[in-house]
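Asker: Supplied in structure tokens, the structure appears directly below.
Protein chains: 4
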Amino acid sequence: MAKTPDLNPRKSPRQARAAETVRIILEAAARILEARGLDGFNTNAVAERAGVSIGSLYQYFPGKDALTAALIRADGEVLLREMAAAAILPQIRAALSGMIAAAVGHQLRRPVLARLLDIQENRLPLGEAQEEKAGELQSLLAQVLARVDPPAGLPVETAAADIFAIVRGMIDHAGERQELDAPALQARVERAVFGYLGLT
Amino acid sequence: MAKTPDLNPRKSPRQARAAETVRIILEAAARILEARGLDGFNTNAVAERAGVSIGSLYQYFPGKDALTAALIRADGEVLLREMAAAAILPQIRAALSGMIAAAVGHQLRRPVLARLLDIQENRLPLGEAQEEKAGELQSLLAQVLARVDPPAGLPVETAAADIFAIVRGMIDHAGERQELDAPALQARVERAVFGYLGLT
Amino acid sequence: MAKTPDLNPRKSPRQARAAETVRIILEAAARILEARGLDGFNTNAVAERAGVSIGSLYQYFPGKDALTAALIRADGEVLLREMAAAAILPQIRAALSGMIAAAVGHQLRRPVLARLLDIQENRLPLGEAQEEKAGELQSLLAQVLARVDPPAGLPVETAAADIFAIVRGMIDHAGERQELDAPALQARVERAVFGYLGLT
Amino acid sequence: MAKTPDLNPRKSPRQARAAETVRIILEAAARILEARGLDGFNTNAVAERAGVSIGSLYQYFPGKDALTAALIRADGEVLLREMAAAAILPQIRAALSGMIAAAVGHQLRRPVLARLLDIQENRLPLGEAQEEKAGELQSLLAQVLARVDPPAGLPVETAAADIFAIVRGMIDHAGERQELDAPALQARVERAVFGYLGLT
DNA sequence: AATGAATGAGCGTTCATTCAT
DNA sequence: GATGAATGAACGCTCATTCAT
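Chains as they are written, first to last, in full-length UniProt numbering: chain F, 1 to 200; chain A, 1 to 200; chain V, 1 to 200; chain Z, 1 to 200.
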């Protein structure tokens, strides 16, 4: 039985200086992940890159995985906000397009990072808060799908899960190939999603 | 700059016994990956699981990554063979369905392993042989797509790449959720692929 | 050669509030030692337990060992006072019994703490003040022993040292076994001491 | 809840060279403990002193505490053997004297080490094997005590425990004071034990 | 060829201590 | 004085890899 690591931040910074340190550490962690991959992602490298002592890193994060978890959480929040903004559009196609655009834009902003965080998301026990966030995303999409006519002929949850899988698959693949043309990618993802849903 | 590791098997075993040893080591590596994930995947564990000394392992493989590379290559060959068999079917839909079935079946046989190897495939410089194999796969699919009427309106290479991404995304996601119902998954993947291609 | 640490309190607090803070810190240190043992005894934990910043702790104590030393000194003073009170009893047996009772009572009050401080006492260079206190204890006992008739046939200093060793050995052992019955322990220690002295 | 460390040796050396390495490591551990105390006792120091890489140390011992545990076990076996040899003497006083001599001799051979191991023995969860060994020691002594006439008026187990405590207390105290005169110490310990038992 | 003992660079983490605010 | 953010030396430990037997 692998002991589950503590993934929650260690203490909330009370002073402004401390909050700034936390931000610097997280940004350094992201950059290390992007530049050196999972293999080169270690706490000493992050601290050095952040221009901070290793001790400071451990003041705010109880371990290496907590760093990754914090990145994932922050990333998820951004995406969730952008998706939610799109989901409220009245027209169904516009809502779906907007959500896809959010996902595509999010991915193309930092493709390597996004892909690595996706991988880690499966490995880490991120706890209720993150599950809830994932649930909200699914639920946002499910609400939009419920309005589709004709209905997909599948449970909306299943459809939502599949669409996520499709979008993530295409997006990650684009990231791997260093594809940077957002509009073209967007068009093809829409084609796949609308095709899946039978929306001609 | 990290020096690129040697990923080729150390020697082609001439004797039957040696070939058998290689097979045993690879199977042990696969099982360790499945059971303990990337974190628990280390050469000592593989050797022990294979019932072979660590020294022997290094006689056949020049390093840890070479083990992973060998797994990826073997895996790819199986998939390529199965895809090729489906690709020659005369009917386009049957050919596509067959290829999807090959991919789905391949994934569901060892879902965890397949997913981990996918991840590693991006990290390792697998060399020409593997690139060629990937190329063959793409080309197999492209040939089938070229026969689609009406044509997709996209370069067949792009379409082929997208379809791979869609299938892999859905399949990996299913693996993550431990979905085991192959026919249901198959149906949904077909829906996505045919939808993407505009085949109603 | 390890540099000898400063074990003296940093400043004699002039204000009442400061003296109170010192007391709180020491009590926190004692509780941490009892609850978490030597391994869990660290300055940050003590400060937190005391409800004081780590910086404040270092205002009153120059280092970790100084904390331990202060505990040892305070403990020793209490014991010395109680022993001295017993030593002046006119009857020899009553005096010895009283001193044993003081030691037993002292130990059973906080058995874990007492044992850990004993161990630390050997490790730390506590300086003249503490040596003098130990000397006073020995001398108290020696004075009583000098009145024993028939004499033990041993130098009173040796006898005093042995009796301390016997009492501490039995008492620590009782602490280890979580023996809490003071009267029974007292009786057995008396038996050992009187037996050693040939007092039937 | 502190996780209980693994205290058992990691693998039994199959080759003669390995067995020798284990012995060298243990002797180095003992010397480091003696020379630098608990504070200076760390795995890197032990490995260096043993002239062995840190990796080799961890091939045979799963952690720092396992080293200490091995020392305690080996030490205990020696003592048990010597005590058992004395316990079979027909005359009671001779048996007791012999057992005391074994304890005194054992302690004076490596006084500092013996004392530190005593301390650690209380801290480590040494498992059944060691408990059994301690039980055998107690039982050896209890058997001898059962033959004492007049009986001590105490349960033999209690008497045995007390005698252990007395002997250990006196012996450790002698060690702390660097007392090296075995016969004199022996005589005083006998005086205490026989006095406790009422054997004039 | 096979074994497994040995190596050591490298990483995660702790905690006593300092010092700017 | 008091605070708590920051520091970094020091450890515990792993695991890919080598090499004597």
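Backbone N, C-alpha and C fix where the C-beta goes; we use that ideal spot for every residue, glycine too.
#1: Write down the C-beta distance between residue 204 (chain F) and L117 (chain F) rounded to the nearest angstrom, noting that I regard them as a contact closer than 8 Å.
#2: Would you please verify whether the beta carbon of F99 (chain Z) is less than 8 Å from any beta carbon of chain V?
#3: Quick one: is A102 (chain F) near chain A, going by C-beta distance under 8 Å?
#4: Can you find a C-beta in chain V that's less than 8 Å from the C-beta of L180 (chain Z)?
#5: Apart from the five residues on each side of it in sequence, which residues of its chain come closer than 7 Å, Cβ to Cβ, to L180 (chain A)?
#6: Counting only C-beta atoms, is I119 (chain V) closer than 8 Å to chain Z at any point?
#7: Counting contacts by CB-CB distance shorter than 8 Å, is V75 (chain A) in contact with chain F?
#8: In the DSSP assignment, find the unbroken alpha helix (DSSP H) run with K3 (chain F) in it and report its ends.
#9: Would you mind reading off the limits of the alpha helix (DSSP H) that contains F41 (chain F)?
#10: With a Cβ-Cβ cutoff of 8 Å, do Y196 (chain F) and G195 (chain A) count as a contact?
#11: Is the shortest distance between the beta-carbon of G127 (chain V) and the beta-carbons of chain Z less than 8 Å?
#12: Would you say M170 (chain A) reaches chain F, if we count a Cβ-Cβ gap shorter than 8 Å as a contact?
#13: Looking at chain Z, is there any beta carbon in it that lies within less than 8 Å of the beta carbon of G198 (chain V)?
#14: Please specify which runs of the beta strand (DSSP E), each continuous and at least 3 residues long, are wholly inside the region 157-197 of chain F, giving them in chain order.
#15: Buried or exposed: which applies to D149 (chain A), given that a residue is buried once 16 or more other Cβ atoms fall within 10 Å of its Cβ?
#16: Quick one: residues in its chain with C-beta nearer than 6 Å to the C-beta of I163 (chain V), no 5 flanking neighbours on either side, listed in chain order?
#17: Answer with buried or exposed for T68 (chain A), where buried requires no fewer than 16 other C-beta atoms within 10 angstroms of its C-beta.
#18: Would you say E176 (chain Z) lies against chain V (beta-carbon separation less than 8 Å)?
#19: Relative to the C-alpha of H173 (chain V), which candidate in Z:A174, Z:E176, Z:Q178, Z:T158 has its C-alpha closest?
#20: Using a Cβ-Cβ cut-off of less than 9 Å, give me the residues of the region 33-45 of chain A that come near chain F, in sequence order.
#21: In whole angstroms, what is the alpha-carbon distance linking L113 (chain A) and A142 (chain A)?
#22: Excluding the five sequence neighbours on either side, which residues of its own chain have a C-beta within less than 6 Å of the C-beta of A74 (chain F), listed in chain order?
#23: Cβ of L7 (chain Z) less than 8 Å from any chain V Cβ?
#24: G51 (chain Z) and P5 (chain Z) - do their beta-carbons sit closer together than 8 Å?
#25: Assuming D65 (chain F) contacts L124 (chain F) (C-beta within less than 8 Å), just tell me the rounded distance between them.
#26: Taking 8 Å as the CB-CB cut-off, is A165 (chain A) touching chain F?
#27: With a threshold of 8 Å between beta carbons, is P110 (chain V) in contact with chain Z?
#28: In chain V, what lies closer than 8 Å to G195 (chain Z) by C-beta?
#29: Just to confirm, are G169 (chain V) and R14 (chain Z) a CB contact at a threshold of 8 Å?
#30: Just to confirm, is the Cβ distance from A47 (chain Z) to F61 (chain Z) under 8 Å?
#31: Mind checking which residues open and close the alpha helix (DSSP H) that includes I100 (chain A)?
#32: Could you check whether E136 (chain V) and L57 (chain V) sit closer than 8 Å to each other, using their CB atoms as the reference points?
#33: Please give me, in chain order, every unbroken run of the alpha helix (DSSP H) with length at least 4 that falls completely inside the UniProt domain "HTH tetR-type" (19-79) of chain V.
#34: Could you tell me the boundaries of the alpha helix (DSSP H) in which G135 (chain V) lies?
#35: Would you report the Cα separation of A86 (chain F) and L140 (chain F), rounded to the nearest angstrom?
Answerer: Once the coordinates are examined:
#1: Residue 204 (chain F) lies beyond the stretch modelled for chain F, which goes from 1 to 200, so this question has no answer here.
#2: At residue 99 (chain Z) the sequence reads Met, which differs from the Phe that was named. Output row for M99 (chain Z): interface = no.
#3: At a cut-off of 8 Å between beta carbons, A102 (chain F) makes no contact with chain A.
#4: So no, L180 (chain Z) is outside the interface.
#5: Result list for L180 (chain A): L108, in chain order.
#6: True, the Cβ-Cβ gap to chain Z drops below 8 Å.
#7: Per the sequence shown, residue 75 (chain A) should be read as Asp rather than Val. The beta carbon of D75 (chain A) sits no closer than 8 Å to any beta carbon of chain F.
#8: In the DSSP annotation of this structure, K3 (chain F) is not part of any alpha helix (DSSP H), being labelled neither H nor E.
#9: For F41 (chain F), there is no enclosing alpha helix (DSSP H), as DSSP marks it with neither H nor E.
#10: For Y196 (chain F) and G195 (chain A), yes; Cβs fall inside 8 Å.
#11: For G127 (chain V), no CB of chain Z lies under 8 Å from its own CB, so it is not counted at the interface with that chain.
#12: By this cut-off, M170 (chain A) is an interface position.
#13: Yes, its Cβ sits closer than 8 Å to a Cβ of chain Z.
#14: Unbroken beta strand (DSSP E) runs of no fewer than 3 residues, entirely contained in the region 157-197 of chain F, are not found.
#15: D149 (chain A) comes out exposed.
#16: Leaving aside the five residues that flank I163 (chain V) on each side, the residues in its chain whose CB is nearer than 6 Å to its CB run, in chain order, V193.
#17: T68 (chain A) is buried by the Cβ-count criterion.
#18: The Cβ of E176 (chain Z) sits closer than 8 Å to at least one Cβ of chain V.
#19: Selection Z:A174, Z:E176, Z:Q178, Z:T158 evaluated against H173 (chain V) yields Z:T158 as nearest (Cα-Cα).
#20: Within the region 33-45 of chain A, the qualifying residues are R36, G37, L38, D39, G40.
#21: One alpha carbon belongs to L113 (chain A), the other to A142 (chain A), and they sit about 27 Å apart.
#22: In its own chain, leaving out the 5 sequence neighbours on each side, no residue places its CB closer than 6 Å to the CB of A74 (chain F).
#23: No Cβ of chain V is located within less than 8 Å of the beta carbon of L7 (chain Z).
#24: In this structure, the beta-carbon distance from P5 (chain Z) to G51 (chain Z) does not fall below 8 Å.
#25: That pair is a contact at about 6 Å.
#26: Yes, because at least one Cβ of chain F sits closer than 8 Å to the Cβ of A165 (chain A).
#27: Going by the sequence as given, residue 110 (chain V) is Arg instead of Pro. R110 (chain V) is outside the set of residues whose beta carbon lies under 8 Å from a beta carbon in chain Z.
#28: Per Cβ cutoff of 8 Å: A192, F194, G195, Y196, L197, G198.
#29: The Cβ atoms of G169 (chain V) and R14 (chain Z) lie no closer than 8 Å to each other.
#30: With respect to F61 (chain Z), A47 (chain Z) sits apart: the two C-beta atoms are not nearer than 8 Å.
#31: It spans 92-109 - the alpha helix (DSSP H) in which I100 (chain A) sits, taken as one unbroken run.
#32: Not in contact: L57 (chain V) and E136 (chain V) (Cβ atoms no closer than 8 Å).
#33: 43-50, 54-60, all fully within the UniProt domain "HTH tetR-type" (19-79) of chain V.
#34: Start and end: 127-146.
#35: If I take the Cα positions, the gap works out to 10 Å.
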